[in-house]
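Per the numbering used here: the sequence shown = residues 4 to 191. Where a beta carbon is used, it is the ideal one built from N, C-alpha and C, also for glycine. Worksheet for the structure shown next.
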Amino acid sequence: MNIIAAFERGHTVEEALDNAVKNVNEQLKMVDGQIDKIDFQVDVGYSGATVSVVLAINGDVPIHKEVLGVNQRGINNSQAIAKATQVLNNMLQHRKGVIRDFVVKNIEPIPGRAYTTIVVAINEDVIETPQDATGRRRRLKKALDLLSREQGTLNIAKVAEVFGVSRKMIYHDLEALGYSRKDQTQKK
(Lines of atoms letter the chains of each structure in order from A and count residues from 1; the text may use other names and numbers.)
(Lines give C-alpha, C1' and ligand atoms only; values in the text may rest on other atoms or scores of the structure.)
Protein backbone atom coordinates (compact mmCIF):
# COMPACT_ATOMS: atom_id res chain seq x y z
CA MET A 1 0.00 0.00 0.00
CA ASN A 2 1.40 3.39 -0.99
CA ILE A 3 0.23 6.94 -1.49
CA ILE A 4 1.95 8.90 -4.25
CA ALA A 5 1.44 12.62 -4.65
CA ALA A 6 2.68 15.55 -6.71
CA PHE A 7 2.02 19.28 -6.43
CA GLU A 8 3.10 21.70 -9.14
CA ARG A 9 2.71 25.38 -9.98
CA GLY A 10 2.67 26.92 -13.43
CA HIS A 11 1.68 30.01 -15.36
CA THR A 12 -1.19 27.98 -16.85
CA VAL A 13 -3.18 24.91 -15.80
CA GLU A 14 -1.70 23.01 -18.73
CA GLU A 15 1.87 23.73 -17.60
CA ALA A 16 1.16 22.79 -13.96
CA LEU A 17 -0.75 19.67 -15.05
CA ASP A 18 2.04 18.49 -17.37
CA ASN A 19 4.61 18.90 -14.59
CA ALA A 20 2.43 17.14 -11.99
CA VAL A 21 1.70 14.21 -14.33
CA LYS A 22 5.40 13.89 -15.21
CA ASN A 23 6.35 13.97 -11.52
CA VAL A 24 3.78 11.36 -10.46
CA ASN A 25 4.68 9.05 -13.37
CA GLU A 26 8.36 9.14 -12.32
CA GLN A 27 7.29 8.10 -8.81
CA LEU A 28 5.09 5.31 -10.20
CA LYS A 29 8.12 3.71 -11.87
CA MET A 30 9.65 3.15 -8.44
CA VAL A 31 6.80 1.19 -6.83
CA ASP A 32 5.04 -2.08 -7.55
CA GLY A 33 1.28 -2.45 -7.34
CA GLN A 34 -1.77 -1.17 -9.15
CA ILE A 35 -3.39 2.23 -9.06
CA ASP A 36 -6.55 1.91 -7.01
CA LYS A 37 -7.81 5.49 -6.79
CA ILE A 38 -6.92 8.95 -8.05
CA ASP A 39 -7.75 12.40 -6.76
CA PHE A 40 -6.67 15.77 -8.08
CA GLN A 41 -7.19 19.44 -7.44
CA VAL A 42 -6.73 22.36 -9.79
CA ASP A 43 -6.77 25.99 -8.69
CA VAL A 44 -6.46 29.04 -10.91
CA GLY A 45 -5.72 32.59 -9.83
CA TYR A 46 -4.01 35.78 -10.93
CA SER A 47 -0.57 34.41 -10.05
CA GLY A 48 -1.00 31.22 -12.11
CA ALA A 49 -2.29 27.72 -11.53
CA THR A 50 -1.62 24.86 -9.13
CA VAL A 51 -2.33 21.18 -9.68
CA SER A 52 -2.07 18.36 -7.16
CA VAL A 53 -2.43 14.67 -8.02
CA VAL A 54 -2.75 11.98 -5.33
CA LEU A 55 -2.83 8.23 -6.06
CA ALA A 56 -3.55 5.20 -3.88
CA ILE A 57 -1.46 2.16 -4.89
CA ASN A 58 -2.39 -1.33 -3.67
CA GLY A 59 -0.92 -4.79 -4.15
CA ASP A 60 2.52 -5.79 -5.33
CA VAL A 61 1.97 -6.74 -8.97
CA PRO A 62 4.86 -5.26 -11.00
CA ILE A 63 2.74 -3.86 -13.83
CA HIS A 64 3.19 -0.67 -15.81
CA LYS A 65 0.90 2.05 -14.56
CA GLU A 66 0.57 5.61 -15.71
CA VAL A 67 -1.37 8.82 -15.26
CA LEU A 68 -2.48 10.88 -18.26
CA GLY A 69 -3.85 14.40 -18.07
CA VAL A 70 -5.34 16.88 -20.54
CA ASN A 71 -6.61 20.44 -20.28
CA GLN A 72 -8.67 21.83 -23.14
CA ARG A 73 -10.39 25.15 -23.81
CA GLY A 74 -13.77 25.65 -25.43
CA ILE A 75 -16.44 28.32 -25.77
CA ASN A 76 -18.61 26.39 -23.30
CA ASN A 77 -18.32 23.33 -21.05
CA SER A 78 -19.76 20.99 -23.71
CA GLN A 79 -17.17 21.97 -26.30
CA ALA A 80 -14.30 21.89 -23.79
CA ILE A 81 -15.20 18.40 -22.54
CA ALA A 82 -15.65 17.12 -26.11
CA LYS A 83 -12.16 18.38 -27.02
CA ALA A 84 -10.62 16.94 -23.85
CA THR A 85 -12.17 13.50 -24.36
CA GLN A 86 -11.08 13.44 -28.01
CA VAL A 87 -7.46 14.23 -27.09
CA LEU A 88 -7.53 11.68 -24.26
CA ASN A 89 -9.04 8.96 -26.46
CA ASN A 90 -6.23 9.52 -28.98
CA MET A 91 -3.70 9.07 -26.16
CA LEU A 92 -5.44 5.87 -24.98
CA GLN A 93 -5.85 4.36 -28.45
CA HIS A 94 -2.79 2.07 -28.41
CA ARG A 95 -2.76 1.20 -24.71
CA LYS A 96 -3.50 -2.27 -23.40
CA GLY A 97 -4.97 -2.29 -19.95
CA VAL A 98 -7.78 -0.73 -17.97
CA ILE A 99 -8.74 2.75 -16.88
CA ARG A 100 -8.78 2.35 -13.12
CA ASP A 101 -10.07 5.77 -12.18
CA PHE A 102 -10.50 9.27 -13.59
CA VAL A 103 -11.40 12.75 -12.44
CA VAL A 104 -12.96 15.63 -14.42
CA LYS A 105 -12.89 19.31 -13.50
CA ASN A 106 -14.70 22.07 -15.42
CA ILE A 107 -13.83 25.73 -14.95
CA GLU A 108 -15.73 28.58 -16.60
CA PRO A 109 -13.94 31.78 -15.51
CA ILE A 110 -15.87 34.12 -17.81
CA PRO A 111 -18.76 33.67 -20.27
CA GLY A 112 -17.56 32.28 -23.58
CA ARG A 113 -14.46 30.61 -22.14
CA ALA A 114 -14.52 27.18 -20.48
CA TYR A 115 -11.77 24.74 -19.57
CA THR A 116 -12.01 21.01 -18.92
CA THR A 117 -9.25 19.09 -17.18
CA ILE A 118 -9.35 15.28 -17.16
CA VAL A 119 -6.86 13.10 -15.32
CA VAL A 120 -6.91 9.33 -15.95
CA ALA A 121 -5.18 6.51 -14.05
CA ILE A 122 -4.26 3.47 -16.18
CA ASN A 123 -3.15 -0.01 -15.11
CA GLU A 124 -1.61 -1.63 -18.18
CA ASP A 125 -1.24 -5.34 -18.92
CA VAL A 126 2.54 -4.93 -19.28
CA ILE A 127 5.00 -6.18 -16.66
CA GLU A 128 7.35 -3.36 -15.72
CA THR A 129 11.11 -3.80 -15.63
CA PRO A 130 12.56 -3.10 -12.16
CA GLN A 131 14.48 0.17 -12.02
CA ASP A 132 17.00 -0.79 -9.33
CA ALA A 133 18.47 -3.61 -7.23
CA THR A 134 15.79 -3.19 -4.56
CA GLY A 135 12.97 -3.89 -7.03
CA ARG A 136 14.88 -6.81 -8.55
CA ARG A 137 15.52 -8.32 -5.10
CA ARG A 138 11.90 -7.88 -4.10
CA ARG A 139 10.84 -9.89 -7.16
CA LEU A 140 13.50 -12.55 -6.58
CA LYS A 141 12.34 -12.94 -2.98
CA LYS A 142 8.72 -13.29 -4.08
CA ALA A 143 9.68 -15.94 -6.68
CA LEU A 144 11.68 -17.87 -4.09
CA ASP A 145 8.81 -17.66 -1.59
CA LEU A 146 6.55 -19.22 -4.23
CA LEU A 147 9.15 -21.95 -4.84
CA SER A 148 9.46 -22.99 -1.17
CA ARG A 149 12.61 -20.87 -0.77
CA GLU A 150 14.69 -23.29 -2.85
CA GLN A 151 17.29 -21.30 -4.77
CA GLY A 152 18.15 -24.43 -6.79
CA THR A 153 14.78 -24.22 -8.55
CA LEU A 154 15.87 -21.02 -10.31
CA ASN A 155 17.70 -20.98 -13.61
CA ILE A 156 20.14 -18.22 -12.66
CA ALA A 157 21.23 -17.59 -16.26
CA LYS A 158 17.61 -17.14 -17.39
CA VAL A 159 16.78 -14.93 -14.39
CA ALA A 160 19.81 -12.74 -15.20
CA GLU A 161 18.68 -12.52 -18.83
CA VAL A 162 15.15 -11.52 -17.83
CA PHE A 163 16.45 -8.73 -15.57
CA GLY A 164 19.16 -7.68 -18.03
CA VAL A 165 22.02 -8.16 -15.57
CA SER A 166 24.88 -10.62 -15.12
CA ARG A 167 24.62 -13.94 -13.28
CA LYS A 168 27.10 -12.54 -10.77
CA MET A 169 24.63 -9.75 -9.99
CA ILE A 170 21.83 -12.28 -9.39
CA TYR A 171 24.10 -14.29 -7.06
CA HIS A 172 24.93 -11.06 -5.24
CA ASP A 173 21.19 -10.29 -4.92
CA LEU A 174 20.54 -13.79 -3.54
CA GLU A 175 23.32 -13.33 -0.98
CA ALA A 176 21.80 -9.98 0.02
CA LEU A 177 18.50 -11.83 0.56
CA GLY A 178 20.26 -14.27 2.90
CA TYR A 179 20.90 -17.19 0.54
CA SER A 180 24.25 -18.95 0.40
CA ARG A 181 25.73 -19.72 -3.02
CA LYS A 182 27.43 -22.95 -1.88
CA ASP A 183 24.63 -24.87 -0.23
CA GLN A 184 21.81 -23.05 -2.09
CA THR A 185 19.67 -22.74 1.02
CA GLN A 186 18.63 -19.74 2.98
CA LYS A 187 20.85 -18.83 5.91
CA LYS A 188 19.08 -18.90 9.24
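- Shortest Cα-Cα distance from A52 to any of N158, N28, Q44 involves Q44.
- Counting only runs of at least 4 residues, the stretch 107-165 fully encloses the following alpha helix (DSSP H) elements, listed from N- to C-terminal order: 136-149.
- When DSSP states are grouped into helix, strand and coil, R170 belongs to the helix group.
- Cβ-Cβ distances below 8 Å link N80 to N109, E111, A117, T119 in the same chain, with the five nearest sequence neighbours on each side left out; the list follows chain order.
- Shown here, L95 sits in a helix according to DSSP, grouped into three states.
- Cβ-Cβ separation between D42 and V57: approximately 5 Å, consistent with a contact (criterion under 8 Å).
- Counting the other CB atoms within 10 Å of its CB gives N74 a total of 16 or more, which places it among the buried residues.
- Here R103 is actually not in contact with I6; their C-beta atoms are around 15 Å apart, not less than 8 Å.
- When secondary structure is reduced to three states using DSSP, H67 falls in the strand class.
- Taking a C-beta distance under 8 Å as the contact criterion, K99 and E127 qualify as a contact pair.
- For T88, the secondary structure class from DSSP, reduced to helix, strand or coil, is helix.
- Contact between A85 and F105 does not hold, since their C-beta atoms are separated by about 16 Å, which reaches or exceeds 8 Å.
- DSSP places K25 in the uninterrupted alpha helix (DSSP H) bounded by 16-31.
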